[in-house]
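Residue numbers (this note's numbering): 280 to 1067. Notes for the one structure printed next.
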């Protein structure tokens, strides 16, 4: 986060023109932009829990093997027990959706239909809800492929911690803190220690539960060479839309560390979020926004609803001569791949160049192995070989060339045809499966027949493809069952193309609803973000940050004193007196006494009057500090004091808001709108954030100095009756917070003797003078120990 106006890189948002705008504003819109920094959380627990999660995964695999074997046996009987077999297969689909035996069995359209019917009975009928939960609880965990999530069952939790039934139950902090507060036998210091111990136990257990959950996701949901690859002892994310690697990007919430533990590579230290914004709200910052792409027409509604952008179609420069064949639909992925290889061989014999588009690195390597077995020369362009992209693409249109590439969306690739290729029909584009979004398929089709050239395209689909398995209709499986196709025989019809497009539309609508819901929640955060960043920017732009600093101090004083005094006119109680005087003594070196709270007649002063008096005393004490400090260094420290408070507490607020976002969905079970609940609680949390920022600024007002000598001189210049009373509360000259460094705990006090020069250049500072110990002589020169 920038600590000066000169280091800011986002200085205005006036006009943006985005190339491949659908790739950025649509495809990337579910992933927020995050600025992260080092975290204090340890990554050691991932290695600790990895063996247990591995055993759990193997146990589930063995259990699913047993279920599929039983189901197969029941279906092969003279009188098949479809009811029981359907329940067993449904359990496998919930626990291991990509189980190989399950996938092999549902190649039979009759069994696929049975599984679909069973799922409908168990999931949709109210009287079957009990059965659904019973079937689920017999598993160790369940997998939600659409949501890319997994969930431990009670059986799984008992497997991981058989001797500790409370291992996954978090302590009740509210009740524990209440019990500690009610224990009169404990001193305030002992109560604070007890609370810290309870909080530490809560944090440790919460972190353990979270790490196990992320390891489970890493093993069950994320596949190597699909969502990520391993290169040079690192886990690198693969862009699902372009097929390119995304170095520098990491999964959040510890998921990346879990993947590193799974793959046995070096686990990098976790990071914490310093700032975050969604793609939608970032581009909304621009006063004017425009972009270009060849495939925006299918997303025109979303562009208009979210970004208020209209889509205008520009006619092609030359008439399109591309011929799009109907899709070929196969029962299994194996049959589909064999058909693709046969098609490639036929085209290769004729000399026609072929471009095969795949949805993952794994699929591209499977096809590459099959081609090598048939001795077909070819090139592979995927996340592992992206360095050769220009070379591979330059040769892809030559006579007899065969190129296998992962998703071509966003590549802006123009493949030039070689001599004689036009007469052979141009480039032949083969899609190895339909993508979730029609736009990505259109991007692949658009690689051929450019600028009036000839070209042909065809997509190969199997019922095992993720699109058909998760979102496809049962009509195709029913049709294939009725036709009675032989192995390797496809079906082809334009009505099937419509059915597949309907599945894609369902996915697009599903993803759009996710993006829209994400935006609705982020709009709440966006209002808060605007307030915080306006505060930051005004502070960075200001030549004199002292005015803003004292606004926070004054607000804190009035709020605190109103809390202690309220509208009372009777004499204060003992706790009120101790609380008010104690807070003032810990925060400001002003020596406030109980007598100062009353008029000469013994009548209690009004809260506003007391607050005005305290503010005046604080300014007088600060005037002493101003007279000692270098003006430039003091201005830097004043700005740093406020920035540290804003940045540290904003980071905590982001974490708390994320926790609220994850749990607020459960409010729907109480017939409450989660979004309304989120807005209400977010407002309360933001109000607390603003108060906390002001409190921290006030607390650190006298705890920072350009040097230890400056702090010592300040203490010497205070009236002698205030020195020993307030010196200890000033913190003993702790190091100043370095810009960009970890921000934990209150902002700093004290610095090195050379800090003035560093402050003048606005660079990070660290103290190299020893801290004043409790038994050391007091720097005021009285000769007494500092603690006295």
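The beta-carbon is built from N, C-alpha and C at its ideal position, and this holds for glycine as well.
Which word fits residue i, buried or exposed, when buried means at least 16 other C-beta atoms lie within 10 angstroms of its C-beta?
i	result
residue 792	exposed
residue 673	exposed
residue 683	buried
residue 1012	Note on residue 1012: pLDDT 42, under 50, position unreliable in the model; no value is reported.
residue 1030	In this prediction, residue 1030 has a pLDDT of 36, which is less than 50 and means its spatial position is unreliable; nothing more can be read from the coordinates.
residue 868	buried
residue 1021	Caution applies to residue 1021, whose pLDDT of 38 falls short of 50 and renders its modelled position unreliable; the model cannot decide the point.
residue 604	exposed
residue 341	exposed
residue 325	buried
residue 388	buried
residue 452	exposed
residue 284	exposed
residue 714	buried
residue 627	buried
What does DSSP give as the partner residues of residue i in its beta bridges?
i	result
residue 313	555
residue 550	317
residue 607	739
residue 298	571
residue 397	Bridge partners of residue 397: none, in fact.
residue 428	423
residue 636	684 and 710
residue 515	508
residue 734	601 and 706
residue 658	682
residue 503	507
residue 877	883
residue 524	517
residue 1070	This structure does not reach residue 1070, given that the chain is present from 280 up to 1067, and the question cannot be answered.
Can you tell me which of the options puts its alpha carbon nearest to the alpha carbon of residue i?
i	options	result
residue 804	964, 515 and 971	964
residue 505	641, 395 and 417	641
residue 573	726, 454 and 811	726
residue 479	657, 340, 455 and 812	455
residue 664	522, 534 and 570	522
residue 960	943, 610, 402 and 539	943
residue 432	335, 600 and 311	335
residue 314	828, 530 and 744	530
residue 439	422, 898 and 337	337
residue 500	866, 376, 317 and 818	376
residue 1074	286, 981 and 878	The structure shown does not extend to residue 1074, since the chain spans only 280 to 1067, so no value can be given for it.
residue 978	863, 887, 990 and 879	863
residue 398	416, 369, 422 and 318	369
residue 295	532, 568, 548 and 621	568
residue 870	785, 533, 997 and 815	997
residue 747	612, 353, 938 and 429	612
residue 838	497, 894 and 880	894
residue 622	584, 601, 681 and 586	681
residue 394	380, 345 and 365	365
residue 566	587, 700 and 876	587
Below 8 Å CB to CB, which residues in the same chain sit around residue i once its five sequence neighbours on both sides are set aside?
i	result
residue 515	507, 508, 509, 524, 525, 526 and 662
residue 645	616
residue 373	414, 415, 418, 421 and 422
residue 817	827
Thinking residue i and residue j are a contact (beta carbons under 8 Å), I'd like their distance in whole angstroms, please.
i	j	result
residue 564	residue 280	Wrong, their Cβ atoms sit about 17 Å apart, outside the cutoff.
residue 420	residue 449	Not a contact, Cβ separation roughly 19 Å.
residue 635	residue 619	7 Å
residue 797	residue 974	That pair is no contact at about 32 Å.
residue 540	residue 494	7 Å
residue 347	residue 371	6 Å
residue 269	residue 693	The structure shown does not extend to residue 269, since the chain is modelled only from 280 through 1067, so no value can be given for it.
Can you name, in chain order, every residue of its own chain whose Cβ lies under 7 Å from the Cβ of residue i, other than the five neighbours on each side?
i	result
residue 291	none
residue 485	449
residue 1035	Annotation note: pLDDT 35 at residue 1035 (below 50); position unreliable, no value reported.
residue 689	In this prediction, residue 689 scores a pLDDT of 47, lower than 50, which makes its location untrustworthy; the coordinate-derived value is nonetheless stated afterwards. Hits under 7 Å: 299, 302, 520 and 521.
residue 808	556
residue 1040	Because residue 1040 carries a pLDDT of 40, less than 50, the predicted location of this residue cannot be relied on, and the following value inherits that uncertainty. The answer is none, since no qualifying residue turns up.
Which residues in the same chain as residue i place their Cβ atom closer than 6 Å to its Cβ, once the five residues preceding and following it in sequence are excluded?
i	result
residue 856	873
residue 972	924, 925 and 928
residue 1042	Legend: pLDDT at residue 1042 = 36, less than 50; position of this residue unreliable, value from coordinates given subsequently. Same-chain partners within the cutoff: there are none.
residue 579	590
Does the ligand GTP have even one heavy atom less than 7 Å from the beta-carbon of residue i?
i	result
residue 864	Judged by which ligands are present, the structure shown has none, so any question about the ligand GTP falls away.
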